[in-house]
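Enquirer: Supplied in structure tokens, the structure appears directly below.
There are 4 protein chains.
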Amino acid sequence: MERRKVGILGATGMVGQRFIQLLHNHPWFEIAWLAASDRSSGKRYEDACRWKLDTPLPANIAGMTLMPNTPEGTPATELPKIIFAALDSDVAYELEPRFAAAGCAVISNSSAFRMTSDVPLVIPEVNADHLALIEKQSWRKDSGGYIVTNPNCSAIGLVLALKPIHDRFGIEKVFVSTMQAVSGAGYPGVASLDILGNVVPFIKNEEEKMQEEVGKLLGTLSGDHVAMLDAPLSAHCNRVAVEDGHTECVSLKLRTPATYEQMLEAWAEFAPLRGIHEGHPLPSAPDQPVEYVDQVDRPQPRLDRMRGKGMASTVGRLRPCSLFDWKFVVLSHNTIRGAAGAALLNAEILAMLDKLPGGKARSQNVPVALKA
Amino acid sequence: MERRKVGILGATGMVGQRFIQLLHNHPWFEIAWLAASDRSSGKRYEDACRWKLDTPLPANIAGMTLMPNTPEGTPATELPKIIFAALDSDVAYELEPRFAAAGCAVISNSSAFRMTSDVPLVIPEVNADHLALIEKQSWRKDSGGYIVTNPNCSAIGLVLALKPIHDRFGIEKVFVSTMQAVSGAGYPGVASLDILGNVVPFIKNEEEKMQEEVGKLLGTLSGDHVAMLDAPLSAHCNRVAVEDGHTECVSLKLRTPATYEQMLEAWAEFAPLRGIHEGHPLPSAPDQPVEYVDQVDRPQPRLDRMRGKGMASTVGRLRPCSLFDWKFVVLSHNTIRGAAGAALLNAEILAMLDKLPGGKARSQNVPVALKA
Amino acid sequence: MERRKVGILGATGMVGQRFIQLLHNHPWFEIAWLAASDRSSGKRYEDACRWKLDTPLPANIAGMTLMPNTPEGTPATELPKIIFAALDSDVAYELEPRFAAAGCAVISNSSAFRMTSDVPLVIPEVNADHLALIEKQSWRKDSGGYIVTNPNCSAIGLVLALKPIHDRFGIEKVFVSTMQAVSGAGYPGVASLDILGNVVPFIKNEEEKMQEEVGKLLGTLSGDHVAMLDAPLSAHCNRVAVEDGHTECVSLKLRTPATYEQMLEAWAEFAPLRGIHEGHPLPSAPDQPVEYVDQVDRPQPRLDRMRGKGMASTVGRLRPCSLFDWKFVVLSHNTIRGAAGAALLNAEILAMLDKLPGGKARSQNVPVALKA
Amino acid sequence: MERRKVGILGATGMVGQRFIQLLHNHPWFEIAWLAASDRSSGKRYEDACRWKLDTPLPANIAGMTLMPNTPEGTPATELPKIIFAALDSDVAYELEPRFAAAGCAVISNSSAFRMTSDVPLVIPEVNADHLALIEKQSWRKDSGGYIVTNPNCSAIGLVLALKPIHDRFGIEKVFVSTMQAVSGAGYPGVASLDILGNVVPFIKNEEEKMQEEVGKLLGTLSGDHVAMLDAPLSAHCNRVAVEDGHTECVSLKLRTPATYEQMLEAWAEFAPLRGIHEGHPLPSAPDQPVEYVDQVDRPQPRLDRMRGKGMASTVGRLRPCSLFDWKFVVLSHNTIRGAAGAALLNAEILAMLDKLPGGKARSQNVPVALKA
């Protein structure tokens, strides 16, 4: 089967590198275009990039020439219609709409448009139905293009853990205190003098993002916008000396009481894509989106971040909270499930739903099980 | 002026080493006796100890012979009447009462007797009046000996920050999530394979200790016991790759509203020992027990743990909490203010109050300002 | 094809865990027996072991019962004839001969017998012919059992890099300074207080092991023993805050001059198992045992240790030495190529050579290309 | 006694901050002027600087206004005649001569002019006599100004350890492999993603600097230049996850044999400034410039870098080398003895020698013992 051509905006950064790693040998997509800022465009990828992952830079990518990061910089016939965007948010703010206007599906990891009312902010297992918002975007009507976003790296693992609980018992209040990995800040990002033997109890805008994004992700699609979940969340965000993997301590107040067993059951049975999976599995979707680990001192970033190939959210230490109902720890890989893998899974579900521009649907059998 | 002779139980461990470091050239106390477990007793200190501090082992200590860790192991005339105890809690449970029965003031850093009703659990700036409980101890009546304890390393910094707020506005609920240094687990303690590039979201019994000790520290002396503060606290305790310094994220619900300025004022004006200080300062008491730092990304363990020579509690990032009233970050040095320094300050205030056995009071002028 | 049953001695330690990880789904071998010290024997594996790897403990292993670590502790019919041994050297000294005497091929990672004259110390790509020494062992004659060893984790990567150079130009002198990962010390091993923000410039017996093992590995089989290579090596061994991967700085004096290109060529063309590979590849052998990386700041443990699935030795920074001829950096994974993977590759080549007791040869076609 | 006014060029960087810390309450010098690049000049120091040291920014410095980093940017009467320079080498190359031409003693930590023939490269305990070179500088003749430099952070500790050995036995060849702290790269400097759980076996130009600077430091003053020591040195330089403190493994070939005791004696008796010390100690000079530690696993950066208030070079693990004569480990604090403290000590000896412009000599009694 022929694979669809995709491009990557911001291909040399940390998230761009993860896109390349995850798209290497992907069954549905093929990297056909890489773009970078003016400083790097025109160079060979391997010359412009300081590859920082522990798998080798694929040989076919190494020699590709970096294109300018505008739609006009590439002949229209060679611009892929599917663009993964790994841009800083101020750059994204300017560039992503131009690609959408040029007819591209912009699958964005940036925060620039996450809270825009007609832009879906999506985790496929959580709120795939919000993807319907793309039809409200003016670009979609004009050119077929649109923007879809995934949440902040600190929100994704948390929301995956909250969703099955919310569906059964209702989330009323959430305390969360994070210990976030340095890779979340990109490269060079966090200076070693700031983090060796240290904790930095501040990440710019992170607490605000968590608070608002969780509300939209667990909110309800209502015509042309999402009605936010009305459940206050208070976040404390910290940077720690961990390379990859965000660990979060959570206290939860529910609308309806839940027993210990019911909590575990909610997570264990959470498999919203399973209907799709059986016939047409999304290649990047983990079998078990939320894994519960029993050991008393888990999850830990070094040991658990790669569960589900980096796409699972791992939960542990469920115990009563003396203020709210339950407390627990949740962990997820911040540059896979929290960034490039999140966007890739968004693209996969869009493919499944036949919403990707520029080609036939991958399958005629759109799954009935899916809410969207 | 002659210095009082003191001894150290558990002298070779991490906290024992801190006692030696802090007592070196202390104006009131002089190390006259060191004890260790059977394995080490009889050896020279420098041969039995792996000194892990970054100041040199004092030469006069290096050659001292380690005594057995029982009162009977030393001729009565040579056993100091003031014993700093840095023992594991199961050992403390057995040994500390024996020293108290032998007429010693046991200034303990262990958790063994912290919650015992007639044993004071004290931070001098917070609840020096609780020291009156020693008069209720049977040992005190029989031999003059007693046990006094200081709190867990994760509770001290927090309670110092809570106390001035509690005095003015009343603490109603506390959410706290800690990021604790490895030195808190002693030596060898945390294995490097467990903490390099990692977080361990569990410390045995730590959450329970924080919850109960805060209640006793902020509680009210009521005859022969302390009436616990009725304010639920929910703790999430984590170990991170930091050598020294516990960082804690706190959300606080107050009984009476407080403005931002009132919160800062409460901390800035907190100087409960100042009355004492002017005339007869306690050598280890910091001028400013709670320091507030303005920078947006502080406090940080590597930069702030040594404020007040390791005896201050540093607070920062005061901001509104969407669930409770206020949230902030608090940091303190876990083996100075959180352990050896805490015990030393307890001994100093006991000296000031003329409650130490085995000698004249340091001063006739017991300060009237002190509540005890 | 049926897989041979194998056992693991010392199955719960760090190297034991790597054996389990590497043997999971191995095409030739199947774990049938796990043993541990008295403290753990009789327990289920998952209850006795603190699994510290980032891939899940295989489910079929988790429930296996740990056997006593003596041959007599298991009915003779159920004791596998192939035993991977991951024991501390004092324990190995006592136990390994007992398994050899019981007819087992003991594939040992311990240092206990490495320098014993009739025990082969082998890296298959370097000195597979030394395996002939097993025929000199008395156990072999009596019961069919024997002991084969692999080198110390700090010697393997270095010798892989030296071997092709030695074959072409002759090694005359070697200066090496190591920066070794904490996993090399096992679990709990290095205390976090010793290594966070620190370097420990000492590893017990390590410098001695490197010096003598390199001489034996590059030595010449001469009847019933190995004539050691006469080329002095001076080692400086250090522990650094790295989880996995030993980095070594090397200066080399050659017997015959070599150009930069000749050095690179020697490494690039080094493929001693390729003759075997084509027909019957050893499952754990890397295609390229020595990989040279061009980037100026490589190899680095975090980025390069997994080359060749952790079985390659990565070399970089070849440049002239102002004292000797050339200097360079070499890196290898210390618990894969440096321990469990090394032993496993030894077992694979023994299988290929039809030297494993207890069953038919895997193949009749013993490769003529192999020197052994 | 009145203190001389001094200035700091590059005052906001890591080394600039150390200058401020070390000059705080200095008995001879007083900070009167701070300069920074265009981006920061005109700002208050505390607003322009991210203070990264663990002692508080002195209050009197916090409010000082940063001046432009040129001599013309400050009225001549207010420009101190003693300028500590902590500039990147390309900036130093342009600016330092301008300050020398304006009559200032430029006490530089930069590499820009270290190897210039009439610029002294000095460690006071090693080659104070080289300071005579300043009289050969044209600036000195014209305006009284000059440039004096201290060595690279990786060379200083090593040369302190080599000097007493060289004086007695002659250094013939040196191997050195370094493990250098991240603070040596300034701030932000080394990215955390590059060093957490990692080693970077490359520091730009560092090996070259060590090789040439050691030759000049141990060289012989010969009229208008220094005749370099003819003893080849081969350096391997590495960056490790340590905040402060460079650890170096050294192998040494001597011209004359030395016993173990003679080596220790040479270090123990090394006190070249002692003659000066007795009467007029240099405030920053350590009593014992080279300290030998007996423990088998020392020196270690976290435990030993602060010996001599960060100004000592600590040596340990002296043992025979199978290639050369002796090997050992040497450690020194890279931003104190290796940078700001080194420059400060240079200024102190210049003061003692009455070579500082702009004022009376500190003392009429120039010590006869000093070779200069």
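Protein chains in written order, with the working numbering: chain P, 2 to 373; chain G, 2 to 373; chain L, 2 to 373; chain E, 2 to 373.
Using N, Cα and C, we set each Cβ at its ideal position, and we do this for glycine too.
Predicted model only: the values in this text are computed from it and were never measured.
According to DSSP, simplified to helix, strand and coil, what is residue 181 of chain L?
Expert: Three-state DSSP puts residue 181 of chain L in a strand.
Enquirer: Who are the Cβ neighbours of residue 237 of chain G in its own chain at under 8 angstroms, not counting the five residues just before and after it?
Expert: 177, 178, 179, 202, 208.
Enquirer: By the criterion of Cβ-Cβ separation under 9 angstroms, what are the contact partners of residue 234 of chain G in chain P?
Expert: Result: 323, 324.
Enquirer: Determine the DSSP secondary structure at residue 127 of chain E, reduced to helix, strand or coil.
Expert: Here residue 127 of chain E sits in helix by DSSP.
Enquirer: Counting only Cβ pairs nearer than 9 angstroms, list the residues of chain E close to residue 15 of chain G.
Expert: Residues of chain E passing the Cβ test: none, with the nearest at roughly 13 angstroms.
Enquirer: Once the 5 residues before and after residue 114 of chain E are set aside, which same chain residues still bring their CB inside 7 angstroms of it?
Expert: Same-chain partners within the cutoff: 97, 120, 148, 150.
Enquirer: Between the Cα of residue 163 of chain L and the Cα atoms of L:69, L:59, L:190, L:265, which residue gives the shortest distance?
Expert: Per the Cα distances, L:265.
Enquirer: Run through DSSP, which three-state label would residue 223 of chain P get?
Expert: In this structure, residue 223 of chain P counts as strand in the three-state DSSP scheme.
Enquirer: Using a Cβ-Cβ cut-off of 7 angstroms (strictly less than) and excluding sequence neighbours within five positions of residue 25 of chain G, which residues of its own chain qualify?
Expert: Counting only Cβ-Cβ distances below 7 angstroms, and skipping sequence neighbours, we find 59.
Enquirer: Using CA atoms only, rank isn't needed, just tell me which of E:92, E:105, E:252 is closest to residue 82 of chain E.
Expert: The shortest Cα separation from residue 82 of chain E among E:92, E:105, E:252 belongs to E:105.
Enquirer: Could you name the residues of the same chain whose beta carbon sits closer than 6 angstroms to that of residue 366 of chain L, not counting the 5 residues immediately before and after it, in chain order?
Expert: Caution applies to residue 366 of chain L, whose pLDDT of 43 falls short of 50 and renders its modelled position unreliable; the value that the coordinates give is listed next. Result list for residue 366 of chain L: empty, nothing under 6 angstroms.
Enquirer: Is it true that the CB of residue 235 of chain E sits closer than 8 angstroms to the CB of residue 235 of chain L?
Expert: Cβ atoms of residue 235 of chain L and residue 235 of chain E: not closer than 8 angstroms.
Enquirer: When DSSP labels each residue in this structure, what does residue 302 of chain E get in the three-state scheme?
Expert: Note: residue 302 of chain E maps to helix in three-state DSSP.
Enquirer: Note down, in chain order, each residue of its chain lying with its Cβ closer than 8 angstroms to the Cβ of residue 258 of chain P, except the 5 sequence neighbours on either side.
Expert: Counting only Cβ-Cβ distances below 8 angstroms, and skipping sequence neighbours, we find 170, 326.
Enquirer: Below 9 angstroms between beta carbons is the criterion; list the residues of the region 146-164 of chain P that meet it against any residue of chain E, in chain order.
Expert: Result list empty, no residue passes.
Enquirer: Expressed to the nearest angstrom, what Euclidean distance is found between the alpha-carbon atoms of residue 1 of chain L and residue 213 of chain L?
Expert: The first residue shown for chain L is 2 and the last is 373, placing residue 1 of chain L beyond what the model contains.
Enquirer: Between the region 197-217 of chain P and chain L, which residues of the former have a C-beta closer than 8 angstroms to a C-beta of the latter?
Expert: Those would be 197, 198, in chain order.
Enquirer: Is it the case that the Cβ atoms of residue 5 of chain E and residue 357 of chain E are separated by a distance below 8 angstroms?
Expert: Yes, Cβ-Cβ distance for residue 5 of chain E and residue 357 of chain E is below 8 angstroms.
Enquirer: If you compare alpha carbons, which of E:79, E:195, E:50, E:46 is closest to residue 65 of chain E?
Expert: Per the Cα distances, E:46.
Enquirer: Going by DSSP in three states, residue 20 of chain E sits in which element: helix, strand or coil?
Expert: Residue 20 of chain E falls in the helix class under three-state DSSP.
Enquirer: How close, in whole Å, do the beta carbons of residue 10 of chain G and residue 86 of chain G come, if the pair is a contact with beta carbons under 8 angstroms?
Expert: Confirmed, about 4 angstroms.
Enquirer: Name the residues in the region 253-287 of chain P whose C-beta lies less than 7 angstroms from a C-beta of chain E; which are they?
Expert: Answer set for the region 253-287 of chain P: empty.
Enquirer: What residues from chain P crowd round residue 304 of chain L, counting only those whose CB sits closer than 9 angstroms?
Expert: The answer, in chain order, is 52, 53, 54, 55.
Enquirer: Does the beta carbon of residue 307 of chain L sit closer than 8 angstroms to a beta carbon anywhere in chain P?
Expert: By this cut-off, residue 307 of chain L is an interface position.
Enquirer: Go through its chain and collect everything with a Cβ distance to residue 56 of chain E's Cβ below 7 angstroms, but skip five positions before and after it.
Expert: Excluding residues within five positions, the ones whose Cβ falls inside 7 angstroms are 22.
Enquirer: According to DSSP, is residue 72 of chain P helix, strand or coil?
Expert: DSSP places residue 72 of chain P in helix when its eight states are reduced to three.
Enquirer: Could you tell me the alpha carbon to alpha carbon distance between residue 34 of chain P and residue 157 of chain G, rounded to whole angstroms?
Expert: Cα to Cα, the separation comes out at about 57 angstroms.
Enquirer: Straight-line CA distance for residue 48 of chain P to residue 53 of chain E?
Expert: Those two C-alpha atoms are separated by around 34 angstroms.
Enquirer: Whose Cβ in chain G lies nearer than 8 angstroms to the Cβ of residue 58 of chain L?
Expert: Result: empty, since nearest Cβ-Cβ is about 16 angstroms, beyond 8 angstroms.
Enquirer: Which class does residue 25 of chain P belong to by DSSP, given the choice of helix, strand or coil?
Expert: Reduced to three states, the DSSP call for residue 25 of chain P is coil.
Enquirer: Is residue 152 of chain E buried or exposed, if buried means 16 or more other CB atoms sit within 10 Å of its CB?
Expert: By the 10 Å Cβ count, residue 152 of chain E comes out buried.
Enquirer: Can you name the residues of chain G whose CB is closer than 7 angstroms to the CB of residue 332 of chain L?
Expert: None at all; the shortest Cβ gap to chain G is about 17 angstroms.
Enquirer: Tell me which residues share the same chain as residue 173 of chain L and place their Cβ nearer than 7 angstroms to its Cβ, disregarding the 5 neighbours each side in the sequence.
Expert: Answer for residue 173 of chain L: 232, 254, 255, 256, listed in chain order.
Enquirer: Tell me the residue span of the alpha helix (DSSP H) that contains residue 94 of chain E.
Expert: Residue 94 of chain E -> alpha helix (DSSP H) spans 90-102.
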